[in-house]
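Structure record follows, encoded as structure tokens.
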Amino acid sequence: MNTNLSRRSFFGLAAAATAAAAMPILTEPELARAQRARIIREFPPGAVRIDANENPLGPCSGACAVMSSLLPEGGRYDDDLTVRLIRTFSAMEGLKPEYIRVYAGSSEPLHYTALALTSKERSLVIADPSYEAPMYAAKYSGANIVKVPLAQDYSHDVKAMVAADPNAGVLYICNPNNPTGTVTSRSDIEYALENKPKGSILLVDEAYIHFTDATPSLDLVKADKDLIVLRTFSKIYGMAGLRCGMAIARPDLLAKIQPYGTNFLPILGIAAATSSLQVPELVPERRKINTDIRNETFSWLTANNYKFIPSQTNCFMLDAGRPGKNVVEAMAAKNVFIGRTWPIWPNYVRITVGTRSEMATFQQAWKEVMNAPASASEPTRHGSPTLALGTRDLPPGMQRLS
Ligand code: PLP
Numbered sequence: 033m034n035t036n037l038s039r040r041s042f043f044g045l046a047a048a049a050t051a052a053a054a055m056p057i058l059t060e061p062e063l064a065r066a067q068r069a070r071i072i073r074e075f076p077p078g079a080v081r082i083d084a085n086e087n088p089l090g091p092c093s094g095a096c097a098v099m100s101s102l103l104p105e106g107g108r109y110d111d112d113l114t115v116r117l118i119r120t121f122s123a124m125e126g127l128k129p130e131y132i133r134v135y136a137g138s139s140e141p142l143h144y145t146a147l148a149l150t151s152k153e154r155s156l157v158i159a160d161p162s163y164e165a166p167m168y169a170a171k172y173s174g175a176n177i178v179k180v181p182l183a184q185d186y187s188h189d190v191k192a193m194v195a196a197d198p199n200a201g202v203l204y205i206c207n208p209n210n211p212t213g214t215v216t217s218r219s220d221i222e223y224a225l226e227n228k229p230k231g232s233i234l235l236v237d238e239a240y241i242h243f244t245d246a247t248p249s250l251d252l253v254k255a256d257k258d259l260i261v262l263r264t265f266s267k268i269y270g271m272a273g274l275r276c277g278m279a280i281a282r283p284d285l286l287a288k289i290q291p292y293g294t295n296f297l298p299i300l301g302i303a304a305a306t307s308s309l310q311v312p313e314l315v316p317e318r319r320k321i322n323t324d325i326r327n328e329t330f331s332w333l334t335a336n337n338y339k340f341i342p343s344q345t346n347c348f349m350l351d352a353g354r355p356g357k358n359v360v361e362a363m364a365a366k367n368v369f370i371g372r373t374w375p376i377w378p379n380y381v382r383i384t385v386g387t388r389s390e391m392a393t394f395q396q397a398w399k400e401v402m403n404a405p406a407s408a409s410e411p412t413r414h415g416s417p418t419l420a421l422g423t424r425d426l427p428p429g430m431q432r433l434s
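In this text, residue positions in the sequence shown follow the numbering used here: the first is 33, and each later residue adds one.
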């Protein structure tokens with residue numbers, strides 16, 4: 033054995049392990065939990081949970097029935113269920129089955145794409161603000177991360193994104209965007225595909241697409257373009273805890289991300305996903321429920337002179353007019369858990385659209401916090417005045433973000 037080489041590879045591995053321990057790839061629930069863990073150990077009874085873009089409706093009744101009947105089969109590696117899900121989705125969307133790969137949520141293919149297609153030489157280009165998970169994965173690859181502020185209408189500034197780095201590996205387009213809930217037009221996505229740096233791909237994350245009228249990008253996959261589209265059952269389908277998502281792309285692109293991880297899929301999540309797809313009224317009904325409650329909330333905010341960014345999804349950015357982190361704590365003291373801030377807009381907090389009654393509680397608490405002097409929402413040394421800090425509850429390896 034070449035000792036130098038083995039020693040070098042040992043230290044290389046050790047360095048990678050240290051980097052991994054220092055910076056895990058965080059996803060939405062972990063980011064929400066990291067924020068919460070500054071304030072509480074676990075949700076108090078009656079907490080309003082609008083901090084993680086979950087769907088309070090949960091899985092539809094058909095999906096619940098299918099899961100109950102499947103429970104006794106939990107001892108089996110039943111992969112026919114995955115075959116059935118792919119068959120159902122491919123028939124619905126007119127896609128060849130080999131263009132669809134199922135995962136336990138869309139986080140996995142999101143991370144794998146960044147890990148596989150960014151590197152020290154090939155950067156990640158991402159809008160700012162946008163969903164952070166691809167940045168954590170690209171950091172792990174040692175990639176340069178190029179943040180491009182959203183355009184004035186809060187869509188992705190695709191012209192700036194394609195020009196941002198000639199050595200880009202992945203251009204991440206979250207459509208609609210988390211956290212703003214804003215849409216990037218079809219013509220912009222086509223522009224990005226036509227003008228992106230040579231050898232790069234577009235990663236189009238459609239986690240929230242069902243809440244909007246935005247044009248999906250699946251037909252561009254069908255046309256064999258250089259993009260990977262992500263879908264999840266965590267949002268409109270209300271299955272975040274059940275875990276089912278998909279990467280949809282040309283088979284050669286799917287093959288590039290495959291070595292980064294495969295695992296047997298949770299049978300309940302997979303069966304619930306197939307069952308949900310078979311309910312044609314599910315998406316329009318849930319979209320209407322979310323749109324109505326969101327618009328009622330926007331009317332109230334407007335009537336009370338609070339500034340927000342109009343969104344088309346189940347989350348929106350709200351201007352607190354003071355450091356958002358402090359307001360998060362002041363709201364938590366009223367048992368209303370709102371979403372995080374992004375460094376580019378420190379005075380804005382993200383709000384998830386909850387049920388009508390949750391949004392009524394949110395409105396009351398928001399008004400009280402905004403009417404209190406700003407100093408009242410400054411954090412004390414020991415956290416918020418009424419809730420104890422739960423710093424020990426961060427998941428293993430997770431760092432404090434501030
Ligand atoms: N993409 C976006 C934009 C998200 O907001 C989330 C979660 O909130 C995900 C992907 C990952 O979702 P999941 O792994 O639950 O499918």
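Heads up, the beta-carbon is just placed ideally off N, CA and C, and yes, glycines get one too.
Item to check | Every unbroken beta strand (DSSP E) within the stretch 215 to 280, with a cutoff of 3 residues, ordered by chain | outcome: 233 to 237, 259 to 264, 277 to 280
Checklist entry - Do Val311 and Gly94 have their C-beta atoms within less than 9 Å of each other? => result Numbered from its first residue, the sequence shown carries residue 311 at position 279. Numbered from its first residue, the sequence shown carries residue 94 at position 62. Yes.
Item to check | Inter-residue spacing [alpha-carbon to alpha-carbon] between Thr59 and Leu285 | outcome: Sequence index remark: in the sequence shown, residue 59 carries index 27 (1-based). Sequence index remark: in the sequence shown, residue 285 carries index 253 (1-based). Going by the C-alpha atoms only, they are around 23 Å apart.
Item to check | Check whether Ile376 and Asp220 have beta carbons under 9 Å apart | outcome: For the purposes of this step, residue 376 is taken as residue 344 along the sequence shown, with counting starting at 1. For the purposes of this step, residue 220 is taken as residue 188 along the sequence shown, with counting starting at 1. No, Cβ-Cβ distance for Ile376 and Asp220 is not below 9 Å.
Item to check | Closer than 8 Å: Lys267 CB and nearest the ligand PLP heavy atom | outcome: Translated into the one-based positions of the sequence shown, residue 267 becomes position 235. True, at least one ligand heavy atom lies under 8 Å from that Cβ.
Checklist entry - Anyone know if the C-beta pair for Leu235 and Leu142 falls short of 9 Å? => result Here residue 235 refers to the residue found at position 203 when the sequence shown is read from its first residue. Here residue 142 refers to the residue found at position 110 when the sequence shown is read from its first residue. Against a cut-off of 9 Å, the Cβ pair of Leu142 and Leu235 comes out as a contact.
Item to check | Beta-carbon contacts of Gly270 that lie in its chain and below 6 Å, excluding the five residues immediately before and after | outcome: The sequence position of residue 270 within the sequence shown is 238, counting from 1. Within the same chain, Gly270 has close Cβ partners Asn87, Leu89, Gly90, Pro91.
Item to check | Proximity to Pro342 [Cα-Cα], best of Asp110, Leu250, Val215, Ile321 | outcome: The residue labelled residue 342 in the question sits at position 310 within the sequence shown. Of the listed residues, the one whose Cα sits closest to Pro342 is Val215.
Next on the checklist: In the DSSP output, what is Met349 paired with across the bridge?
Outcome noted: As a first step, residue 349 must be located in the sequence shown, where it is residue number 317. Per DSSP, Arg382.
Checklist entry - Among all residues, which have a Cβ less than 6 Å from at least one non-hydrogen atom of the ligand PLP, and in what chain order do they fall? => result Thr59, Glu60, Asn85, Gly137, Ser138, Ser139, Leu142, Tyr163, Cys206, Asn210, Asp237, Ala239, Thr264, Ser266, Ala272, Gly277
Next on the checklist: So, at 8 Å on beta carbons, what are the nonlocal neighbours of Ser138 in its own chain, with the 5 sequence-adjacent residues on each side left out?
Outcome noted: Taking the first residue of the sequence shown as position 1, residue 138 is located at position 106. If we look at Ser138 and ignore the five residues flanking it on each side, its Cβ neighbours are Asp237, Ala239, Leu262, Arg263, Thr264, Ser266, Gly277, Met278, Ala279.
Checklist entry - From Arg432 to Arg388, what does the alpha carbon distance come to, in whole angstroms? => result Position 400 of the sequence shown, counting from 1, holds the residue named residue 432. Position 356 of the sequence shown, counting from 1, holds the residue named residue 388. For Arg432, the pLDDT reaches just 36, beneath the cut-off of 50, and the residue's location in the model is therefore unreliable, although a value from the coordinates is still provided. Cα to Cα, Arg432 sits roughly 32 Å from Arg388.
Next on the checklist: If you reduce the DSSP assignment to three classes, tell me which class Glu340 lands in.
Outcome noted: Your numbering for residue 340 matches position 308 in the sequence shown. Checking the sequence, you will find Phe at residue 340 rather than Glu. DSSP places Phe340 in strand when its eight states are reduced to three.
Item to check | Whole-angstrom C-beta distance between Gly293 and Glu140, which should lie under 8 Å | outcome: Here residue 140 refers to the residue found at position 108 when the sequence shown is read from its first residue. Here residue 293 refers to the residue found at position 261 when the sequence shown is read from its first residue. Between Gly293 and Glu140 the Cβ distance is about 6 Å, and since that is below 8 Å, they are a contact.
Item to check | Own chain partners of Thr244 with C-beta closer than 7 Å, once the 5 adjacent residues on each side are dropped | outcome: The residue given as residue 244 occupies position 212 in the sequence shown. Once the five neighbours on either side are set aside, the close Cβ partners of Thr244 are Pro208, Val215, Gln344, Thr345.
Checklist entry - Hey, Leu117 and Val134: beta-carbon distance below 9 Å or not? => result As a position in the sequence shown, residue 117 is number 85, starting the count at 1. As a position in the sequence shown, residue 134 is number 102, starting the count at 1. It is a contact, given that the beta carbons lie within the stated cut-off.
Checklist entry - What residue range is occupied by the uninterrupted beta strand (DSSP E) comprising Phe479? => result In the structure as shown, the chain starts at 33 and stops at 434, and residue 479 therefore has no counterpart that could be examined.
Item to check | Beta-ladder partner(s) of Trp377, from DSSP | outcome: Position 345 of the sequence shown, counted from the first residue, corresponds to residue 377. In DSSP, Trp377 forms a bridge with Trp374.
Next on the checklist: Can you check which of these residues, Val178, Val253, Ile299, Gly371, is closest to Pro129 by C-alpha distance?
Outcome noted: As a first step, residue 129 must be located in the sequence shown, where it is residue number 97. Checking every option, the nearest Cα to that of Pro129 belongs to Val253.
Item to check | Residue burial classification, Val381 (beta-carbon count within 10 angstroms, cutoff 16) | outcome: For the purposes of this step, residue 381 is taken as residue 349 along the sequence shown, with counting starting at 1. With 16 or more other Cβ atoms within 10 Å, it is buried.
Item to check | Proximity of Phe369 and Thr329 at Cβ, strictly below 9 Å | outcome: Taking the first residue of the sequence shown as position 1, residue 369 is located at position 337. Taking the first residue of the sequence shown as position 1, residue 329 is located at position 297. Not in contact: Phe369 and Thr329 (Cβ atoms no closer than 9 Å).
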